[in-house]
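Asker:
Residue numbers (the working numbering): 945 to 1053.
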């Protein structure tokens, strides 16, 4: 368990762990071990020395050039291929939210 948890957080995790274990499911320590074994590639910026975890590789698709500071939307197709597109193009009507999906059209207020 992380060292920086409050007593209330520790108790909540212990209770959840007990419920999971009693139900025959993996407990907290099992899940932490599993997640710890899945390591994202890590990179260091050569000049700044800052560290980054790679979250994926995406193909950029855009109708107009993108510039430093532009926001892109990263998305993955059902085939598993990742894409990135400028936010303005993603929201210009090329895509529409799916009903019933998290964040979909029916989830908006």
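Using N, Cα and C, we set each Cβ at its ideal position, and we do this for glycine too. This structure is a prediction, so every number in the text was calculated from the model and none was measured.
Can you give me the C-alpha to C-alpha distance between residue 997 and residue 986, rounded to a whole angstrom?
Answerer: Cα to Cα, residue 997 sits roughly 4 Å from residue 986.
Asker: Within its chain, find whatever has a CB closer than 7 Å to the CB of residue 1002; leave out the 5 residues flanking it on each side and keep chain order.
Answerer: 1018, 1026, 1027 and 1028
Asker: Whole-angstrom Cβ separation of residue 961 and residue 971, contact assumed at under 8 Å?
Answerer: 4 Å
Asker: If you draw a straight line from the C-alpha of residue 995 to the C-alpha of residue 984, how long is it?
Answerer: 12 Å
Asker: Can you tell me which of 1022, 1004 and 990 puts its alpha carbon nearest to the alpha carbon of residue 1014?
Answerer: In this structure, 1004 is the residue among 1022, 1004 and 990 with its C-alpha nearest to the C-alpha of residue 1014.
Asker: With H, G and I counted as helix, E and B as strand and the rest as coil, what does DSSP make of residue 1037?
Answerer: Helix at residue 1037.
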